[in-house]
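Enquirer: Here's a structure for you.
2 protein chains.
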Amino acid sequence: MDLKAPIKVYMKKKLIGVKPEDTVKRAGEIMAEFDIGSLVVVDDEGNVVGFLTKGDIIKRLVIPGLPNTTPVREIMTKDLVTVPSTATLGEVLDVLSKKGIKHVLIEEGGKIVGIFSISDLLEASRRKLETAIATE
Amino acid sequence: MDLKAPIKVYMKKKLIGVKPEDTVKRAGEIMAEFDIGSLVVVDDEGNVVGFLTKGDIIKRLVIPGLPNTTPVREIMTKDLVTVPSTATLGEVLDVLSKKGIKHVLIEEGGKIVGIFSISDLLEASRRKLETAIATE
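Residue numbers (our numbering), protein chains in the order written: chain A, 1 to 136; chain B, 137 to 272.
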């Protein structure tokens, strides 16, 4: 794990999304299917208009007891946290830690080009571990 | 981050728990309050009888549309994944990666003595980052 490497090396380029009018049930199904903790919310023009994490679902649907037919739009986070694609892994970890979040969107030229989550560190650590074992 | 260090260095010793008869709403409130993704489920004799993650809540409560008054016992994971406290961080990351899980219980002398989650890596990376900056 190289804290000085650009986040582009570690981010996932494939953004998995839902529409604002999709139900939270549908969003949960997609999270479960792809084993991910967050989704981008994309409107019909392809703009990222929100972000939805498992934590959002717990806080804004499960705790208040809303039905799973609630549209994603009603519980998504509209304030998007982004970092530029040129930021280093260390800088991004610092942003996550300071903001108390586990996922961040990566922006380049005004567009969202990827997502990085703490879980991606696991993959990076594992690769390092395998390399370490291979060179022992 | 030292992949050869024992997991004891990185685990959290404070286990945050709920009772099997607590509601999922209560479990969600505790997760939100402490900003954690999992809880241990502890019976009246102090035995860890289950484990509950945000993912369990999404999969087994939100998707099927159960009410938030459902007892934790009905949706918790009963198959506990544990690693010995002498396991190295690298070994633990490997277990998490292979099993596709993000949290694991740490066992010592037949007792659960801690918990490690991928998020704890963030704290470890941050400490390393701060050390790196301090020594630059």
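Glycine is no exception: its CB is placed at the ideal position from the N, C-alpha and C atoms.
For Thr-53 of chain A, count neighbouring Cβ atoms within 10 angstroms of its own Cβ and tell me buried if that reaches 16, exposed if not.
Expert: With 16 or more Cβ atoms within 10 Å of its Cβ, Thr-53 of chain A is classed as buried.
Enquirer: If you draw a straight line from the alpha carbon of Lys-144 of chain B to that of Val-81 of chain A, how long is it in whole angstroms?
Expert: Whole-angstrom Cα-Cα distance: 33 Å.
Enquirer: Determine, for Ile-194 of chain B, whether the minimum Cβ-Cβ distance to residues of chain A falls below 8 Å.
Expert: It does; some Cβ of chain A falls within 8 Å.
Enquirer: Helix, strand or coil: which one does DSSP assign to Val-48 of chain A?
Expert: Here Val-48 of chain A sits in strand by DSSP.
Enquirer: Using a Cβ-Cβ cutoff of 8 Å, what residues of the region 26 to 47 of chain A are near chain B? List them in chain order.
Expert: From the region 26 to 47 of chain A, only Gly-28, Glu-29, Met-31, Ala-32, Asp-35, Gly-37 have a Cβ closer than 8 Å to chain B.
Enquirer: Residues of chain A with CB under 8 Å from Lys-235 of chain B, in chain order?
Expert: What Lys-235 of chain B touches in chain A: nothing, since even the nearest Cβ is about 11 Å away.
Enquirer: When the Cα of Val-42 of chain A is compared with those of A:Gly-50, A:Tyr-10, A:Ile-101, which residue comes out closest?
Expert: Here the closest residue by C-alpha is A:Gly-50.
Enquirer: Would you decide whether Lys-140 of chain B is buried or exposed? Buried here means 16 or more other CB atoms lie within 10 Å of its CB.
Expert: By the neighbour-count rule (16 or more Cβ atoms within 10 Å), Lys-140 of chain B is not buried but exposed.
Enquirer: Give the residues of chain B in contact with Lys-102 of chain A, contact being defined as C-beta atoms less than 7 Å apart.
Expert: Residues of chain B passing the Cβ test: Ser-255.
Enquirer: Throw me the rounded Cβ distance for the Ala-279 of chain B and Val-154 of chain B pair, which I believe falls under 8 Å.
Expert: This structure cannot speak to residue 279 of chain B, because chain B is shown only from 137 to 272.
Enquirer: If Ile-58 of chain A sits next to Ile-237 of chain B, beta carbons under 8 Å apart, how far is it from one beta carbon to the other, in whole angstroms?
Expert: Ile-58 of chain A to Ile-237 of chain B, Cβ: 18 Å. No contact.
Enquirer: Using beta carbons (cut-off 8 Å, strictly below), is Ile-199 of chain B in contact with chain A?
Expert: True, the Cβ-Cβ gap to chain A drops below 8 Å.
Enquirer: By alpha-carbon positions, which one of A:Pro-6, A:Lys-14, A:Pro-20, A:Met-11 ends up nearest to Arg-73 of chain A?
Expert: Looking at the Cα atoms, A:Pro-20 is the closest of the given residues.
Enquirer: Please classify Asp-94 of chain A as buried or exposed, where buried requires at least 16 other C-beta atoms within 10 Å of its C-beta.
Expert: Burial call: buried.
Enquirer: Output, in chain order, the set of chain B residues within a Cβ distance shorter than 9 Å of Val-92 of chain A.
Expert: Residues of chain B passing the Cβ test: none, with the nearest at roughly 10 Å.
Enquirer: How would you write the range of the beta strand (DSSP E) that Ser-97 of chain A sits in, first residue to last?
Expert: No beta strand (DSSP E) contains Ser-97 of chain A, which is instead part of the alpha helix (DSSP H) from 89 to 99.
Enquirer: Span of the beta strand (DSSP E) holding Glu-74 of chain A?
Expert: First-last for Glu-74 of chain A: undefined, no H or E at that position.
Enquirer: Which residue from A:Lys-111, A:Asp-2, A:Arg-60 puts its Cα closest to that of Ser-160 of chain A?
Expert: No answer is possible for residue 160 of chain A: the residues shown for chain A start at 1 and end at 136.
Enquirer: Can you grab the Cα-Cα spacing for the pair Lys-225 of chain B / His-239 of chain B, in whole Å?
Expert: The sequence given here has Leu at residue 225 of chain B, not Lys. So the two alpha carbons sit approximately 13 Å from each other.
Enquirer: Taking 8 Å as the cut-off, decide whether the C-beta atoms of Ser-117 of chain A and Ser-38 of chain A are in contact.
Expert: The answer is yes: Cβ separation under 8 Å.
Enquirer: Go to Glu-107 of chain A, then tell me how far its beta strand (DSSP E) extends in each direction, as first and last residue.
Expert: It spans 103 to 108 - the beta strand (DSSP E) in which Glu-107 of chain A sits, taken as one unbroken run.
Enquirer: What do you get for Gly-55 of chain A, buried or exposed, if any count of 16 or more other CB atoms within 10 angstroms of its CB means buried?
Expert: Buried, by the Cβ-count rule.
Enquirer: Output, in chain order, the set of chain B residues within a Cβ distance shorter than 9 Å of Gly-114 of chain A.
Expert: Going along chain B, no residue has its Cβ under 9 Å from Gly-114 of chain A, so there is no contact; the nearest lies around 18 Å.
Enquirer: By a C-beta neighbour count over all protein chains shown, 10 Å radius and 16 as the cutoff for buried, is Lys-13 of chain A buried or exposed?
Expert: Per the 10 Å Cβ criterion, exposed.
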